Amino acid sequence: MKPAWDSLAKQMNSDKVIIADVDCTAEGEPLCSRFGVEGFPTIKYFNPPDDEGEDYEGGRDEDALVEFAKTKLGPGCSLSTLEHCSEDEKKSLEEVMAMSPEAREAELEEIQSQLKAKEEAHEALLKSLQSQYDASNTELEKEKTTLKPRIKLLKKAGAKSKAPEPTKEEL
200 MKPAWDSLAK QMNSDKVIIA DVDCTAEGEP LCSRFGVEGF PTIKYFNPPD
250 DEGEDYEGGR DEDALVEFAK TKLGPGCSLS TLEHCSEDEK KSLEEVMAMS
300 PEAREAELEE IQSQLKAKEE AHEALLKSLQ SQYDASNTEL EKEKTTLKPR
350 IKLLKKAGAK SKAPEPTKEE L
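Residue numbers (our numbering): 200 to 370.
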């Protein structure tokens with residue numbers, strides 16, 4: 200993917216478009232963490248005034264990247280770029296602009312607070328599930344260690360196993 204990405208950066212090079220890559224394993228780690236980048240390679244795109252970014256889900260070849268950049272990237276819908284807004288976006292923007300600045304700020308803070316609480320609950324659940332899995336896996340390995348000698352002895356004595364052989368997990 201790197202050659203396609205580098206070619207895209209050359210083709211789209213301008214004052215208005217930035218095509219960049221970040222090494223999330225080095226000094227770029229805080230930036231990657233800020234934008235929720237966990238797997239690699241991850242492609243994010245930002246159309247002004249968006250400062251949180253969107254995940255790119257399209258093709259990873261040069262043609263797909265160039266087509267996306269040419270057709271989907273550019274100024275988004277905002278007060279300063281109403282010409283880029285659909286009728287529905289304009290209507291929604293008008294409804295929000297009818298609110299007082301304080302009400303808009305309060306609603307934004309409330310929504311962001313709700314989202315943060317959900318993310319924290321999700322992370323806590325993930326940690327709990329991982330802890331449960333680790334404990335269960337440890338117990339399973341102890342049980343295998345305890346029972347394998349007896350299984351081998353029984354098989355040596357002619358007992359036939361009806362259970363399928365355990366499969367090894369690949370990481």
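Glycine included, C-beta positions come from ideal geometry on N, C-alpha and C. These numbers were taken from a predicted model, which means no experiment stands behind them.
Per-residue burial, V216 [other beta carbons within 10 Å of its own, 16 or more giving buried]: Numbered from 1 along the sequence shown, position 17 holds the residue referred to as residue 216. Burial call: exposed.
Environment of V295 [buried if 16+ CB atoms lie within 10 Å]: By 1-based counting over the sequence shown, the position of residue 295 is 96. So V295 counts as exposed.
Contacting residues, own chain, Cβ-Cβ under 7 Å from G273 (five flanking each side not counted): In the sequence shown, counting from the first residue as 1, residue 273 sits at position 74. N246, listed in sequence order.
Close beta carbons around C231, own chain, < 7 Å, minus the five adjacent residues each side: As a working note, residue 231 is residue 32 in the sequence shown. Contacts found: V221 and C223.
Cut-off 6 Å between Cβ atoms - residues of its own chain near S277, not counting five sequence neighbours on either side: The residue given as residue 277 occupies position 78 in the sequence shown. Only P248 meet the Cβ criterion.
Same chain only: Cβ atoms within 8 Å of Y255, ignoring 5 sequence neighbours per side: To locate residue 255, count along the sequence shown from 1; it is residue 56. The residues are I242, K243, Y244 and F267.
Near the ligand MG: E293 beta-carbon under 7 Å from a heavy atom: Ligands in the displayed structure: none, and consequently the ligand MG is not present.
Backbone secondary structure at E226 - three-state DSSP: As a first step, residue 226 must be located in the sequence shown, where it is residue number 27. E226: coil per DSSP, three-state reduction.
Outcome for L264 when other beta-carbon atoms lying within 10 angstroms are tallied against a minimum of 16: The residue labelled residue 264 in the question sits at position 65 within the sequence shown. L264 should be labelled buried.
Span separating the alpha-carbon of E306 from that of L324: To locate residue 306, count along the sequence shown from 1; it is residue 107. To locate residue 324, count along the sequence shown from 1; it is residue 125. The straight-line gap from Cα to Cα measures roughly 27 Å.
Sub-8 Å separation of R259 and M211 beta-carbons: For this step, residue 259 is matched to residue 60 along the sequence shown. For this step, residue 211 is matched to residue 12 along the sequence shown. Cβ distance not < 8 Å, so R259 and M211 don't count as in contact.
Neighbourhood of G227 by C-beta distance below 8 Å, restricted to the same chain and skipping five residues each side: The residue given as residue 227 occupies position 28 in the sequence shown. Closer than 8 Å at Cβ, skipping near neighbours: V221.
The alpha helix (DSSP H) enclosing N336, as first and last residue numbers: Mapped onto the sequence shown, residue 336 falls at position 137. Per DSSP, N336 belongs to the alpha helix (DSSP H) from P300 to K355.
Rounded C-alpha distance that separates Q331 from A219: The residue given as residue 331 occupies position 132 in the sequence shown. The residue given as residue 219 occupies position 20 in the sequence shown. Taking the straight line from one Cα to the other gives about 40 Å.
C-alpha distance - P348 paired with K354, whole-angstrom precision: Locating residue 348 in the sequence shown gives position 149, where the first residue counts as 1. Locating residue 354 in the sequence shown gives position 155, where the first residue counts as 1. Going by the C-alpha atoms only, they are around 10 Å apart.
Whole-angstrom C-beta distance between E261 and A203, which should lie under 8 Å: Here residue 203 corresponds to residue number 4 of the sequence shown, with the count starting at 1. Here residue 261 corresponds to residue number 62 of the sequence shown, with the count starting at 1. At roughly 4 Å, the Cβ-Cβ gap stays under 8 Å, so A203 and E261 are in contact.
Per-residue DSSP class, three states only, for E251: The sequence position of residue 251 within the sequence shown is 52, counting from 1. Here E251 sits in coil by DSSP.
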